[in-house]
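**Student:** Before I ask anything, let me first share the structure, which is written out below as structure tokens.
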Amino acid sequence: MAKDTELEMICRNSPPATQTHEDPFPQRKNKIVYHPTVKQWMSLLSGALIFIPGGMSMAFGLGWNLHTHIQTTMQLRYSWFVGFIIGALLAAPLIKSVPKRLFVLLGAFLVIIGGIIFTSVPYNYSAVLAARYINGIAIGSTTLAFLVHASEIAATENRGFCLWLEQNSMTVGIVIQVVYTSQWTSQVYFAADRLYGIFAIIFGVLAICLAHFIVESPIFFIRQCDDARALNCLRQLQRPEYAAPQTLQVLLHQLKTYVVETETVEWRDTLVHSPLLRLMLYRSMVAFGFSLPMNEAMKVANLVVLRDYEWQPIVFVILRVGGTFSSLYMFDVTGRKLVSLVALLFTAVLSIAIGCEYVDELSMVSEYHMSIISVLSQLFQFFAGLYAPSSSVYLSEAFPMSTKPYFIAACLTLQQVIHIIVICTFHFNTYSMYVYALFVGILMLILFVVFAVTMPETRKTTLGEAQLRFRKLLHLKCC
């Protein structure tokens, strides 16, 4: 009954039914702008900066901590992923009531605290372990808030671009971590982990400074029945040519309708028609795209061929970030589905090819086989980087508001659980790499077929339209 009363309050100030506004922006049919507005950029940039230390921490736990001065234990590797899960699960019930700026500020403060610990005591195992848990909690909570917030403030024609920032920033962090650890020298009397702490502090401080410019989602205030503040947010987020008072009122009414329709969906109906399982599997493929076994394979191949970490790790991450940047406008221009399916298919084939190189037990000492594995691993990272951002876009579009934070948290949790399981069970040798790479490749091929017939194309759709498409099981069109 209380819910019905709240929804009545939301719709109380709706425009009269006699007014018909099918498309408040008819001019966009001929002129489409795919890049975000300045206000949208500033609202997302602070969160994106927090993800850079997150990418560094993830790479640290997945094999790229080559010059650490503490023992690399299993717990040290998986601690960040446990912290991420804790942060995401704690943030889920708070999304509806806590402004996104507070999530960003809290995440930035935690990142700074972790960075200070790394900078101050890089030789203390317990302190570094605690710092990794803290950073994981910060990134987990910020990721969930970012995905929800970005999907709500983005325009229909640039939602893919806005959500792309999450995985792009994580990739930039991976690049920084891999490059500086692989090129570090023991002759430098400066702890490599201390440099990580300095990076974390810098990006944390920048995120706090930019948090001042965050514009809250209009939907956040609509749910609180505050039309005035919702209109103010809409006015700031729109381009000047689309910010006429009548147009803003139409947009407000559309958002109210979306809130009412998605808030009234029952949990039981949501679970029955939910794409949760599809999205959990879809996001889990990101975990296999940058994993401990694949990183170890690249490192060992590099040592066998070149006897040292020289240029190959740099090419490794350049191709990763190249794949991510290649998808910059693709999701909004070409479409989400086609790009992600092509990337997943090539990733699967390359994974199987890597596994086949480990058939012979002597391949580990063969420069020829290791050279092939090195090249295949680099190409693998390009297509894994191309695939990863699409998962963020789909996560932000798939679920109704009543369950969105919880279901996104579930998908993010599975991704981290996969990392934890692999870290705890994988021991690098020829047979293990053979089994792992073949398993990942075959799994990706199977899911390629599944996603080809079940994932919808959501380019140029509103959130409400995208969720209606996700409620259907079969989608054979790729564009």
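Its first residue numbered 6, the sequence shown is counted upward by one per residue in this note's numbering.
The C-beta atom is built at its ideal place from N, Cα and C for all residues, glycine as well.
Under the rule that 16 or more other beta-carbon atoms within 10 Å means buried, what is L478, buried or exposed?
**Tutor:** Along the sequence shown, one-based indexing puts residue 478 at 473. Its Cβ having fewer than 16 others within 10 Å, L478 is exposed.
**Student:** Distance, Cα to Cα, V270 vs P461?
**Tutor:** Position 265 of the sequence shown, counting from 1, holds the residue named residue 270. Position 456 of the sequence shown, counting from 1, holds the residue named residue 461. About 21 Å.
**Student:** Taking the alpha helix (DSSP H) that M406 falls in, what are its first and last residues?
**Tutor:** As a working mapping, residue 406 is identified with position 401 in the sequence shown. Per DSSP, M406 belongs to no alpha helix (DSSP H) and is neither H nor E.
**Student:** Out of F385, P127, V193 and L149, which one is the CA nearest neighbour of V103?
**Tutor:** Taking the sequence shown and counting its residues from 1, one reaches residue 103 at position 98. Per the Cα distances, L149.
**Student:** Assess contact between the stretch 150-157 and the stretch 316-335, defined as three or more Cβ pairs (one per stretch) separated by less than 8 Å. Is contact present?
**Tutor:** No, the stretch 150-157 does not touch the stretch 316-335.
**Student:** Just to confirm, are A216 and F226 a CB contact at a threshold of 7 Å?
**Tutor:** Counting from 1 along the sequence shown, the entry for residue 216 is found at position 211. Counting from 1 along the sequence shown, the entry for residue 226 is found at position 221. Contact flag unset, no.
**Student:** For F195, count neighbouring Cβ atoms within 10 angstroms of its own Cβ and tell me buried if that reaches 16, exposed if not.
**Tutor:** Working through the sequence shown from its first residue, we reach residue 195 at position 190. When all chains shown are included, F195 counts as exposed.
**Student:** Specify the secondary structure class of V193 as computed by DSSP and reduced to three states.
**Tutor:** On the sequence shown, residue 193 is found 188 positions in, with the first residue counted as 1. Residue state, collapsed to three classes: coil.
**Student:** Name the residue from L381, Y392 and I378 whose alpha carbon lies nearest to the alpha carbon of L343.
**Tutor:** Taking the sequence shown and counting its residues from 1, the one referred to as residue 343 is at position 338. Looking at the Cα atoms, Y392 is the closest of the given residues.
**Student:** In angstroms with no decimal places, state the Cα-to-Cα distance between H258 and W85.
**Tutor:** Taking the sequence shown and counting its residues from 1, one reaches residue 258 at position 253. Taking the sequence shown and counting its residues from 1, one reaches residue 85 at position 80. Rounded to the nearest angstrom, the two C-alpha atoms are 42 Å apart.
**Student:** Have a look at I447, G390 and T408 and flag the residue whose alpha-carbon is nearest the alpha-carbon of I179.
**Tutor:** Mapped onto the sequence shown, residue 179 falls at position 174. Closest by alpha carbon: G390.
**Student:** Could you tell me the boundaries of the alpha helix (DSSP H) in which F369 lies?
**Tutor:** Your numbering for residue 369 matches position 364 in the sequence shown. It is Met, not Phe, that sits at residue 369 in the sequence shown. Taken as a continuous stretch (DSSP letters only), M369 belongs to no alpha helix (DSSP H), as it is neither H nor E.
**Student:** Can you look up Y436 in the DSSP assignment and give me helix, strand or coil?
**Tutor:** As a working mapping, residue 436 is identified with position 431 in the sequence shown. Correct three-state label for Y436: helix.
**Student:** At what residues does the alpha helix (DSSP H) containing V116 begin and finish?
**Tutor:** Taking the sequence shown and counting its residues from 1, one reaches residue 116 at position 111. Residues K105 to S125.
**Student:** Let me make sure I understand the geometry here. Which of C429, R476 and S407 has the alpha-carbon closest to that of P98?
**Tutor:** The residue given as residue 98 occupies position 93 in the sequence shown. When only C-alpha atoms are compared, the closest one is S407.
**Student:** Just the Cα atoms here: how many angstroms apart are Y138 and T176?
**Tutor:** For the purposes of this step, residue 138 is identified with residue 133 of the sequence shown, where counting begins at 1. For the purposes of this step, residue 176 is identified with residue 171 of the sequence shown, where counting begins at 1. Distance between the alpha carbons of Y138 and T176 is about 20 Å.
**Student:** Which residue from R474, V370, I428 and F295 puts its Cα closest to that of V183?
**Tutor:** Along the sequence shown, read from residue 1 onward, the residue named residue 183 stands at position 178. V183 has its Cα closest to that of F295, out of R474, V370, I428 and F295.
**Student:** Is the distance from the Cβ of S371 to the Cβ of L168 below 7 Å?
**Tutor:** On the sequence shown, residue 371 is found 366 positions in, with the first residue counted as 1. On the sequence shown, residue 168 is found 163 positions in, with the first residue counted as 1. In this structure, L168 does not lie closer than 7 Å to S371 by Cβ.
**Student:** Between which residues of its own chain and Y373 is the CB-CB distance below 6 Å, once the five residues before and five after are set aside?
**Tutor:** Counting from 1 along the sequence shown, the entry for residue 373 is found at position 368. Within the same chain, Y373 has no close Cβ partners at all.
**Student:** With a threshold of 6 Å on Cβ separation, who are the neighbours of E366 within its own chain once the five nearest residues in sequence on each side are excluded?
**Tutor:** The residue labelled residue 366 in the question sits at position 361 within the sequence shown. The residues are T435.
**Student:** What number of angstroms, rounded off, separates the C-alpha of F89 from the C-alpha of Q251?
**Tutor:** As a first step, residue 89 must be located in the sequence shown, where it is residue number 84. As a first step, residue 251 must be located in the sequence shown, where it is residue number 246. Their Cα atoms are separated by approximately 43 Å.
**Student:** Whose C-beta lies closer than 8 Å to the C-beta of Q472 among residues of the same chain, with five residues either side of it excluded?
**Tutor:** As a working note, residue 472 is residue 467 in the sequence shown. Around Q472: T267, E402, A403, F404 and P405.
**Student:** Can you tell me whether DSSP reads E157 as helix, strand or coil?
**Tutor:** Within the sequence shown, the letter at position 152 stands for residue 157. Helix, per DSSP.
**Student:** Mapping DSSP to helix, strand and coil, what is F453?
**Tutor:** Locating residue 453 in the sequence shown gives position 448, where the first residue counts as 1. Looking at F453 - three-state DSSP - the assignment turns out to be helix.
**Student:** What is the DSSP secondary structure of I75, reduced to helix, strand or coil?
**Tutor:** Working through the sequence shown from its first residue, we reach residue 75 at position 70. Looking at I75 - three-state DSSP - the assignment turns out to be coil, as it is neither helix nor strand.
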